[in-house]
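Enquirer: Below: one structure in structure tokens.
There are 2 protein chains.
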Amino acid sequence: MPSSRPLRADARRNREALLAAAREAFLADGDATVEEIARRAEVAVGTLYRHFETREALVAEVYRQEVAELCAAPARLLTHHAPDEALRTFLLLLVEHAAVGRGMGEALESIMATDSPVFDDARDEMARALDDLLAAGAAAGLVRSGISGRVVLRALGGICGLRAKGWKDDAVRIATILYDGLRYGAANHG
Amino acid sequence: MPSSRPLRADARRNREALLAAAREAFLADGDATVEEIARRAEVAVGTLYRHFETREALVAEVYRQEVAELCAAPARLLTHHAPDEALRTFLLLLVEHAAVGRGMGEALESIMATDSPVFDDARDEMARALDDLLAAGAAAGLVRSGISGRVVLRALGGICGLRAKGWKDDAVRIATILYDGLRYGAANHG
DNA sequence: TCCATAAGGTGAGTCCGACTCCGCTTGCGT
DNA sequence: ACGCAAGCGGAGTCGGACTCACCTTATGGA
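Encoded structure:
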């Protein structure tokens, strides 16, 4: 159903406006009712639902770009760093992304810690990205083998939700612990 | 407000019935509307709300016993095992508890991964229990120091929510990775 | 240029679940 | 046995996601 017809001009405008309004609302506050988003975009809720199946689908769309970018990182990191360093950097990059705004953290948490089918694609993509990292590390004997990306993803899920004072330090610590834990059973243990 | 007066007989009965109904509903299905719980207990929702501030408070109460038990474990484990072994066992014990029913997992997740004030007590208690474990481990040079129980708690949060096939294996793996990560930077590194 | 028409937009309304309120009922101390 | 505070019932409110029957308009073909 994409591109059966190229989308009428007003429709495209509204879709864009909705995404912009949602992005604005999410990045800042983290939530926002569909009503609020529609109002910001100067359309009615019905229009919102013409373009996005559910509120969650809108959230997913808003963060798709950024998640895709995040998922592209492992391949890039692996060309510039040793696999273990690439893994470490990626985990910290994730924390960094989660920190850009309440919304991004929540989106990442939804992807990592829920099983909502709306995020299936993003979840699969991130799991695959992590798989690559882990496989490269294992092949080099720097990371224990037998761990799937999905597992690591899930382990990281918790750190993206809350925004208490000092949150980021904690997140970095957790990422570091996980990283060390992943190296612990490696062939070249050290 | 506890024990200003010993609670009228019918009130005690209803309170008990509500807890029983909720326990039954939660352990099996994981959720249940307040309406459903009230119906099961053969009282009206108003009665439910006389006894419990919010739905969450009811959840907290249902699992208080079990959480308290869980929190008592570290002290016991430390008298029988080396600190590192005690830590490992506790992490696995947590996974075990999360596995007893959808509800218990959800409750643990709420405690560990949210900041709902309803779970403040449980959260504090668990963090303290973990602190003890970590401090003992650090004192013996078996566990890296500088990690607070709260951080570990948060890291574990993600593993208690989902119930996909093979979930428990994943949870055990994550717990193991965390455990290894916690030992990684220890004084007697090995 | 103009019309037919299907794509798109609208917003009051539905649904659902948590929570409230107030009048009625009842356990229990005297 | 009586009074009344404690307790209970359940219809009602509220808030948020989502729907649908009807209206508006962009667009492409004559």
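Sequence order for the protein chains is A and B. End of the first sequence = 405 in this note's numbering, gap-free, step of one. End of the second sequence = 405 in this note's numbering, gap-free, step of one. Idealized CB from N, CA, C, for every residue including glycine. Just so it is clear, the structure is predicted and the values come from calculations on it, not from any experiment.
(1) Between the alpha carbons of Phe267 of chain B and Ala235 of chain B, how many angstroms are there, rounded?
(2) Beta-carbon separation of Asp330 of chain B and Leu377 of chain A under 7 Å?
(3) Could you tell me the alpha carbon to alpha carbon distance between Gly364 of chain A and Ala354 of chain B, rounded to whole angstroms?
(4) Ile252 of chain B CB to nearest chain A CB: under 7 Å?
(5) Kindly say whether Tyr278 of chain A, judged by its beta-carbon, lies nearer than 7 Å to any beta-carbon of chain B.
(6) So, for Glu321 of chain A: in the same chain, excluding its five sequence neighbours on each side, which residues have a beta-carbon less than 6 Å away from its beta-carbon?
(7) Suppose the cutoff is 6 Å on Cβ atoms and the five residues either side in sequence are ignored; what does the same chain contact list for Arg338 of chain B look like?
(8) Quick one: measure Cβ to Cβ for Arg398 of chain A and Val358 of chain A, integer angstroms, because I've assumed they're closer than 8 Å.
(9) Could you pull out every residue in the same chain whose Cβ sits closer than 6 Å to the Cβ of Ala256 of chain B, ignoring the five residues on either side in sequence?
(10) For the region 263-274 of chain A, list every residue whose C-beta sits within 9 Å of some C-beta in chain B, in sequence order.
(11) Please name the residue in B:Glu271, B:Arg220, B:Arg317 and B:Arg238 whose C-alpha comes closest to that of Val333 of chain B.
(12) Taking Val315 of chain A as the reference, give the member of A:Ala401, A:Ala370, A:Ala243 and A:Asp299 with the closest Cα.
(13) Any chance you could list the alpha helix (DSSP H) runs of at least 4 consecutive residues sitting entirely within the region 282-353 of chain B, in chain order?
(14) Are the beta-carbon atoms of Gly396 of chain B and Leu393 of chain A separated by less than 7 Å?
(15) Could you work out which residue in B:Leu308, B:Asp385, B:Ala226 and B:Asp346 is closest to Tyr264 of chain B when comparing CA atoms only?
(16) Since Ala379 of chain B meets chain A, which of its residues come closer than 7 Å, beta carbon to beta carbon?
(17) Can you tell me the Cβ-Cβ gap for Val260 of chain B and Val249 of chain B, rounded? I've got them flagged as a contact below 8 Å.
(18) Taking the C-alpha atoms as reference points, what is the distance between Leu205 of chain B and Leu285 of chain B?
(19) Thinking C-alpha only, which one of A:Leu222, A:Glu251 and A:Met341 is nearest Arg279 of chain A?
(20) By a C-beta neighbour count over all protein chains shown, 10 Å radius and 16 as the cutoff for buried, is Asp384 of chain B buried or exposed?
(21) According to DSSP, is Phe267 of chain B part of a helix, a strand, or is it coil?
(22) Measuring only between beta-carbons, confirm whether Asp299 of chain A sits less than 7 Å from chain B.
(23) Whose C-beta lies closer than 6 Å to the C-beta of Ile252 of chain B among residues of the same chain, with five residues either side of it excluded?
(24) Where does Asn229 of chain A land, buried or exposed, given buried means 16+ other C-beta within 10 angstroms?
(25) Tell me which residues share the same chain as Ala386 of chain A and place their Cβ nearer than 8 Å to its Cβ, disregarding the 5 neighbours each side in the sequence.
(26) So with Cβ pairs under 7 Å, would you call Leu393 of chain A a contact of chain B?
(27) Return the residues of the region 308-340 of chain B that lie within a Cβ-Cβ distance of less than 8 Å from chain A, sorted by chain order.
(28) How far does the alpha helix (DSSP H) with Thr391 of chain B in it extend, from its first residue to its last?
(29) Along the chain, where does the alpha helix (DSSP H) containing Arg230 of chain B start, and where does it finish?
(30) At 7 Å on the CB atoms, spell out the chain B contacts of Val366 of chain A, in chain order.
(31) Taking Trp382 of chain A as the reference, which of B:Ala379, B:Arg369, B:Thr391 and B:Arg388 has the closest Cα?
(32) Only counting the same chain, and skipping five residues up and downstream in sequence, which positions put a Cβ closer than 7 Å to that of Leu307 of chain B?
(33) What residues from chain A crowd round Leu397 of chain B, counting only those whose CB sits closer than 7 Å?
(34) If the cut is a Cβ gap below 8 Å, which residues of chain A does Ala370 of chain B touch?
(35) Using the beta-carbon of each residue, which ones in chain A are nearer than 8 Å to Gly400 of chain B?
Expert: Taking the structure as given:
(1) 14 Å
(2) yes
(3) 34 Å
(4) no
(5) no
(6) Gly245
(7) Ile326
(8) 6 Å
(9) Ala232, Leu233 and Ala236
(10) none
(11) B:Glu271
(12) A:Ala243
(13) 298-313 and 317-328
(14) yes
(15) B:Ala226
(16) Asp330
(17) 6 Å
(18) Nothing about residue 205 of chain B can be reported from this structure: the residues present for chain B run from 216 to 405 only.
(19) A:Met341
(20) exposed
(21) coil
(22) no
(23) Ala236, Ala237 and Ala240
(24) buried
(25) Val310, Ala313, Ala314, Ile374 and Cys375
(26) yes
(27) Met327, Ala328, Thr329 and Asp330
(28) Trp382 to Tyr399
(29) Ala224 to Asp244
(30) Asp385, Arg388 and Ile389
(31) B:Arg369
(32) Val387 and Ala390
(33) Ile392
(34) Ala370, Gly373, Ile374, Ile389, Ile392 and Leu393
(35) Asp395
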